[in-house]
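Chains X and D, in that order, are what the protein sequence lines are. According to our numbering, the first sequence holds residues 1 to 279 in order. According to our numbering, the second sequence holds residues 1001 to 1425 in order. Glycine is no exception: its CB is placed at the ideal position from the N, C-alpha and C atoms. Source: prediction; values computed, not measured. Here is the structure we will look at, set down as structure tokens.
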Amino acid sequence: MRIAAGVDVGSTQTKAVLIGANGDGVKVLSRSLIDTGANVRKAAEKAFDECCQAAGIAQADVGFVVGTGYGRYNISFGHTQMTEISCHARGAHFLCPGTRTVIDMGGQDAKAIGVGPSGEVLDFVMNDKCAAGTGRFLANAAEVMGIGLDDIGPLSLRATRPVKIATVCTVFVESDILSYLSQGKKPEDIMGGVHLAIAKRTMSLARRVNIEPLVTMTGGVARNIGMVRALETVLGQKIIVTPDAQFMGAVGAALFSLEKLGESFESSVWREHAVSSRD
Amino acid sequence: MAEKPVSEYRGSIHQQQKDLMLDWYQHLDHAAETGDPPTVSMMISGNCVELLEGFGAIPQYPEVNALQLAIRHQSLEPILAAEEMGYAGDNCAYVKADIGCMLKGITPTGGRLPKPTLVLCNFVGCNTYVKWFEHVAAFTGAPLFVLDVPFLRNDTPSQADIDYVVRQLKEVVGQMEELIGRKFDYDRFRQSVAYSSEVEDLWSQIKHLAKNSPSPFDAYFDAITLMGPLYVYRGKREGVEFFRAALNELQQKVKAGEGVYDQERFRVVVEGPPPYPYFRTFRDMFASWKAVAVASTYSTVGGLWEFGFRHDAKNPFESVAMHMLAQNVTNRNYLQRYDQIRRYVQEWNADGVIIHFVKSCRLFSAGQGDMRDYFTKQLGVPTLYIESDLEDPRYFAEAQTKNRIDAFFESLEHAKRTATHAVGA
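Dropping the structure here:
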């Protein structure tokens, strides 16, 4: 079995994935996730090490490593680098066949990627020098409300009268929220409003590429069910999310690694993780 | 995948350009001391440098001063000085750098800049210029002439527009005669227009050499190098000699099959000015992909000659007016710019378009979002849209910019590989 790795060093978290290929196809062997922190190089090493340990595979047996994400040039053991834009497209094409649009929401980035039939990037747009519509916006909102990041999504789904959040500025949203709290608005309605505001902002960005089904969401924010629902509401169609959504960049990087080892993943029939849409 | 930055073509034209521009700054320094030669502050876009030759005057370009500062990583200090004085954050940073320089006594080369004999606001395509030049006049105490050039509303300017600009050019001549105290030398002006025509012909031939594969030069980054002499020396014999030598050097490269890099992997068209504070960094982002600009709109801000227009010594005033009205990219309408880029993509055989939005220049940049849609969605041309600024280093995010550029070329690489496979199949 040929073994390849992808390491995605994001602004907030670092993800590593090992995949293996044999005659039957391609399989995700292991994954690891750690906070990036201040030392990007160490974060990459640690994530890779944990990933290898989880699979019970020696690092020396990994044939090729592709680094992606903002810290990709700091991965000392990486053989080459690819942008996370290419990697998310490739990963989504593999795990969610038929994907034509990727919406990736990470810690500091929100991007929309038009994907071609062979997983290639046709077009992409990203937020520019502003954290509106990213995980950081949600994290700030959660902090002001005193609610855990994992709880804000489910809470937002209970909103009956979502408030209007006028700003999409990550800094000024705090004063908007404080103002609603002082007016006695319910936390779920405030969070409903926050999620809708980001969804609208993200969709106005995403519409600059042709949004074609299937639409797959990737990145850490895909774990937030409230955000998935809000995006579906604004978009008016189903969004595909896999359990590996947060690892999509690393999966794509690992697939590029496999390509470097001379393996084609196009004929893959061996997928451990079924595609799932959150119903 | 992006490779390490590689060294690109550096020819004798790069050194000659440096010498010519240094020489010009020395003349300005001399003028600061002696008042000779007379100097005129002008705008690059659609400049009427030929008119100055009729008085033996030389141009000063506040834009060139600003970009020279930025490329030397010295623009932030004057920008902050102007902001401290009250210029707003979203004012054009060219303006702030220029005003800040006057406040702080900074010049790009360290030499002196003279008080202009005349501040000639050849208001082409940029309404900020009116205020900028009013301020230049106020700071220097020099007289101001606002030369109103109407925007191009149709494919070509009306006779009334041409007459309107010609009349103003003649008014400028009258005012210069009074200021300098000598008559306008019409023959010298006509000779200058003839030199311009020759330079434009040579420059146009150079631009068309980029149709070769590999292109012998980068029609964005190297073209910017050649733009200095184009605006300062266009109406002079030195300009003709420089561009003749440049054409010859580049023709030799074509004959030898030499490109900008050892291998040309991608051909792009670039729209918009460069981020001068990070000029080298920005260029390296393209060099690492061995991506060559085969055409650019920025290299036509001062004049658009590759499609046939030339100054005409038989009708010098009219041809100068025509150049200001219709033959520079900034005074033309947006649909004409679409068409200019479309022709570049098709006739220069480009793989994609890079749009660089600059926050300082709303007039140049407004509408570029629609432009991106036009090329990607209507023409199916891969188009990358990135944002920063031409002068203010605070707007350049290196990691974000590199990420976008890398992703763009990764996708082009994939498309090329797929196409190769398709042909092979």
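Integer Cβ distance of residue i from residue j, believed to fall under 8 Å
i: residue 1085/D; j: residue 1113/D; result: 19 Å between Cβ atoms; not a contact.
i: residue 68/X; j: residue 81/X; result: 7 Å
i: residue 1254/D; j: residue 1315/D; result: Not a contact, Cβ separation roughly 34 Å.
i: residue 989/D; j: residue 1317/D; result: The requested residue 989/D does not occur in the structure, where chain D is confined to residues 1001 to 1425.
i: residue 1242/D; j: residue 1016/D; result: 6 Å
i: residue 967/D; j: residue 1057/D; result: Outside the shown range of chain D (1001 to 1425) lies residue 967/D, about which nothing can therefore be said.
i: residue 106/X; j: residue 219/X; result: 4 Å
i: residue 1144/D; j: residue 1206/D; result: Not confirmed; about 36 Å, so no contact.
i: residue 1274/D; j: residue 1075/D; result: Residue 1274/D to residue 1075/D, Cβ: 13 Å. No contact.
i: residue 1210/D; j: residue 1217/D; result: 7 Å
i: residue 1233/D; j: residue 1020/D; result: 6 Å
i: residue 1235/D; j: residue 1053/D; result: 5 Å
i: residue 119/X; j: residue 162/X; result: The Cβ separation is near 36 Å, so there is no contact.
Chain-ordered neighbours of residue i on chain D, where CB pairs are closer than 8 Å
i: residue 120/X; result: 1411, 1414, 1415, 1418
i: residue 210/X; result: 1377
Residue i CB to nearest heavy atom of the ligand MN below 7 Å
i: residue 100/X; result: The ligand MN is absent from the structure shown, which contains no ligand whatsoever.
Reference residue i, options the options, closest by Cα
i: residue 1322/D; options: 1165/D, 1110/D, 1211/D, 1177/D; result: 1165/D
i: residue 952/D; options: 1132/D, 1286/D, 1121/D, 1014/D; result: Because chain D here runs from 1001 to 1425, residue 952/D falls outside it and cannot be looked at.
i: residue 8/X; options: 60/X, 88/X, 53/X, 142/X; result: 88/X
i: residue 1343/D; options: 1318/D, 1268/D, 1274/D, 1257/D; result: 1268/D
i: residue 1048/D; options: 1130/D, 1097/D, 1172/D, 1072/D; result: 1172/D
i: residue 1196/D; options: 1312/D, 1394/D, 1069/D; result: 1312/D
i: residue 1320/D; options: 1079/D, 1302/D, 1333/D, 1306/D; result: 1302/D
i: residue 145/X; options: 179/X, 58/X, 206/X, 104/X; result: 179/X
i: residue 1215/D; options: 1398/D, 1350/D, 1082/D, 1054/D; result: 1350/D
i: residue 1139/D; options: 1105/D, 1175/D, 1071/D; result: 1105/D
i: residue 199/X; options: 153/X, 182/X, 243/X; result: 153/X
i: residue 83/X; options: 1416/D, 1205/D, 1405/D; result: 1405/D
i: residue 20/X; options: 236/X, 4/X, 193/X, 101/X; result: 4/X
i: residue 124/X; options: 1418/D, 1417/D, 1412/D; result: 1412/D
i: residue 15/X; options: 253/X, 261/X, 182/X; result: 253/X
i: residue 1023/D; options: 1109/D, 1283/D, 1296/D, 1396/D; result: 1109/D
i: residue 1010/D; options: 1028/D, 1262/D, 1324/D, 1161/D; result: 1262/D
i: residue 1155/D; options: 1333/D, 1383/D, 1365/D; result: 1333/D
i: residue 1415/D; options: 33/X, 116/X, 25/X, 139/X; result: 116/X
Chain D residues whose Cβ lies nearer than 9 Å to that of residue i
i: residue 70/X; result: 1399, 1400, 1403
i: residue 8/X; result: What residue 8/X touches in chain D: nothing, since even the nearest Cβ is about 13 Å away.
Proximal chain D residues relative to residue i, where beta-carbon distance stays under 7 Å
i: residue 123/X; result: 1376
i: residue 104/X; result: Under the 7 Å cutoff, chain D gives no residues; its nearest Cβ is about 12 Å from residue 104/X.
Residue i: contacting residues in chain X (beta-carbon distance under 7 Å)
i: residue 1406/D; result: 83
Closer than 8 Å at the beta carbon, the chain X residues around residue i
i: residue 1033/D; result: The premise fails here: residue 1033/D is roughly 45 Å from chain X at the closest Cβ pair, so nothing lies under 8 Å.
Alpha helix (DSSP H) runs wholly inside the region 1152-1214 of chain D, at least 4 long, in chain order: 1159-1180, 1186-1209
Near-chain X residues of the region 1353-1379 of chain D - C-beta to any C-beta below 8 Å: 1369, 1372, 1373, 1376, 1377
Within the region 1320-1405 of chain D, ranges of the alpha helix (DSSP H) (whole runs, at least 4 residues): 1334-1347, 1362-1365, 1368-1373
Chain-ordered residues of the region 1106-1131 of chain D with a beta carbon less than 9 Å from chain X: none
Residues from the region 73-94 of chain X in contact with chain D, defined by Cβ distance under 7 Å: 80, 81, 82, 83, 85, 86
Whole alpha helix (DSSP H) elements within the region 11-77 of chain X, 4-residue minimum: 40-55
Whole runs of the alpha helix (DSSP H) within the region 1094-1146 of chain D, excluding any shorter than 4 residues: 1128-1140
Segments assigned alpha helix (DSSP H), at least 4 residues, entirely inside the region 1001-1089 of chain D: 1012-1034, 1049-1053, 1062-1071, 1076-1085
Any alpha helix (DSSP H) of 4 or more consecutive residues that is wholly inside the region 144-215 of chain X: 149-157, 173-182, 187-206
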